[in-house]
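Some notes on the structure that comes next.
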Amino acid sequence: MIFFDESGKGSVKPNLMGGLSIPHEIYYQDDFQLLTQKLRDGLIKLHFKGYYGDANERDNFIRVGETLAKYSEFIKMIVINYNYSALVGATELGKDVVEDMIYTKFPERILYGLLRGYGKNIDIEAEVLIEKANEYENLNLFQLRDKYEHDVKLNLDGLVKDLLNIQALYRGENYVINNCRLVPKGEEIGVEMTDMLLGIVRTIIENKPSITLKPTAKNKLTMHLLRNPDFCSLIQNIRYFEWDQSKELPEVSLTSYLQLFMAKHFNETLN
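Residue numbers for the sequence shown follow the UniProt record's numbering, beginning at 1 and rising by one.
So, in structure tokens, the structure goes:
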């Protein structure tokens, strides 16, 4: 199972995209499925962006963090940090072409990175779930037209499935995407976990001082989770890339950001 989400769009920096890989057998353990059921029943809500320290939300995030920590050795994540404003300003091709690149190349690179490199005797069948968003539906990528000169509209899920299966064939990788679909928020705990982890990565990178309510709440929650060695290991093992118009997509140590964050907020604890 692979889940995809993003945090920070347009001028809201940092612009993050991330993919979370959880083996099917792990994702269908009772821990995960109970969380999914509670999510669907409206008994828990998870939205890291809007977290201000509410006690019920805090307890939900902690429970999800503990579940991730319990299975951390089986979980992989890749995050790309890109600068949308710099990309738009650096090209004369226009915003539409930049967004074509963002919504084709970055998801493909993230998901391909999670699928590639398994041994030749391992066959991977994957399902990809993407949080449903207006940006991912009816994409007019590359200004395609049909023979009647109508816009050709594409959804990100169908596009990603085709691109990844083509990559597998072209590069001789032993995986196939059997299903890729957009899912509404509040439907799958894996999507919410991806959103939460991206929010935590954002909090670590921004490393804001604990002065106002929102940053303070997020910093304290993040520090609480990081004090669990297994959760901290999960964050340390995230493959993190920063892209800013270069020809390469350089991998950067997230541990450097993590150490600075933990040192700065070392004495902060949940009340």
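Ideal Cβ placement from N, Cα and C applies to all residues, glycine included.
None of these values were measured; they are calculated from a predicted model.
Same chain only: Cβ atoms within 7 Å of residue i, ignoring 5 sequence neighbours per side
i	result
Leu24	The sequence given here has His at residue 24, not Leu. If we look at His24 and ignore the five residues flanking it on each side, its Cβ neighbours are Met1.
Lys147	Unreliable placement is indicated for Lys147, whose pLDDT of 41 sits below 50; no coordinate value is reported for it.
Thr36	Glu188, Ile189
Lys95	Val88
Asn271	none
Reference residue i, options the options, closest by Cα
i	options	result
Tyr112	Glu173, Phe61, Glu251, Gly65	Glu173
Leu197	Arg40, Thr67, Gly10, Lys38	Thr67
Asn267	Phe231, Leu221, Cys232	Leu221
Leu156	Glu135, Asn165, Ile166	Glu135
Asn81	His265, Asp230, Asn237, Val201	Val201
Gln259	Met223, Arg58, Lys161, Asp162	Met223
Lys161	Leu115, Pro184, Lys120	Leu115
Leu39	Ser21, Arg63, Met17, Gly18	Arg63
Ile238	Gly19, Glu108, Lys120	Gly19
Met262	Leu164, Ser11, Ile204	Ile204
Ala133	Thr216, Leu35, Lys185	Lys185
Pro14	Gln37, Gly53, Ser85	Ser85
His88	Gly119, Ser11, Cys180	Looking at the sequence provided, one finds Val at residue 88 rather than His. Out of Gly119, Ser11, Cys180, Ser11 has the C-alpha closest to the C-alpha of Val88.
Trp243	Asp5, Phe4, Phe3, Met17	Met17
Pro107	Asp5, Asn165, Asn271	Asp5
Leu182	Glu137, Ala168, Asp195, Arg171	Glu137
Val176	Asp195, Thr212, Tyr118, Ala55	Tyr118
Thr194	Lys95, Asp54, Phe61	Phe61
residue 275	Arg171, Cys180, Gly158	Here the chain covers residues 1 to 271 and nothing more, so residue 275 does not appear.
Lys9	Leu169, Val98, Asn178, Gln167	Val98
Distance between beta carbons of residue j and residue i, contact taken as under 8 Å
i	j	result
Ala69	Asn228	5 Å
Leu234	Ser7	With a Cβ gap of about 17 Å, Leu234 and Ser7 do not count as contacting.
Tyr240	Leu254	4 Å
Ile110	Ile78	5 Å
Own chain partners of residue i with C-beta closer than 6 Å, once the 5 adjacent residues on each side are dropped
i	result
Phe74	Pro23, Ile26
Asp230	Ala69, Ser72
Lys214	Tyr52
Leu249	Phe241, Trp243
Ser21	Ile2, Lys76, Leu114
Gly65	Leu225, Phe231
residue 293	Nothing can be reported for residue 293: it is not among the residues displayed for the chain, which extend from 1 to 271.
Asn83	Asp244
Asp31	Thr67
Ala168	Tyr175
Own chain partners of residue i with C-beta closer than 8 Å, once the 5 adjacent residues on each side are dropped
i	result
Gly199	Ser7, Phe48, Lys49, Tyr51, Lys218
Glu251	Arg239, Tyr240, Phe241
Ser210	Thr216, Asn219, Lys220, His265, Glu268
His150	Only weak support is given to the placement of His150: the predicted model assigns it a pLDDT of 43, under 50, and the value that follows is read from those uncertain coordinates. The answer is none, since no qualifying residue turns up.
Gly158	Cys180
Ile122	Asn174
Gln236	Leu254, Thr255, Leu258
Notebook entry, point to check: So, do the stretch 185-194 and the stretch 36-54 have three or more beta carbon pairs nearer to each other than 8 Å?
Noted result: Touching, yes.
Margin query: Contact between the stretch 98-105 and the stretch 115-126 is defined here as three or more beta-carbon pairs at a separation below 8 Å; is this criterion met?
Written below: The answer is no - the stretch 115-126 does not touch the stretch 98-105, with fewer than three Cβ pairs under 8 Å.
Check: Residue ranges of each beta strand (DSSP E) run of no fewer than 3 residues wholly in the stretch 166-229, ordered along the chain?
Finding: Fully enclosed beta strand (DSSP E) runs of 3 or longer: 175-183.
Checklist line | Runs of alpha helix (DSSP H) lying entirely within the stretch 15-62, each at least 4 residues, in chain order | finding: Within the stretch 15-62, the complete alpha helix (DSSP H) segments at least 4 residues long are 24-27, 30-40, listed from N- to C-terminus.
Next item on the list: Could you tell me which uninterrupted beta strand (DSSP E) segments, each at least 3 residues in length, are contained entirely in the stretch 226-269, listed from first to last along the chain?
Entry: Listed in chain order, the beta strand (DSSP E) elements of length 3 or more contained wholly in the stretch 226-269 are 239-243.
Notebook entry, point to check: Fully enclosed by the stretch 56-133, which beta strand (DSSP E) runs are 3 residues long or longer?
Noted result: Counting only runs of at least 3 residues, the stretch 56-133 fully encloses the following beta strand (DSSP E) elements, listed from N- to C-terminal order: 76-82, 124-131.
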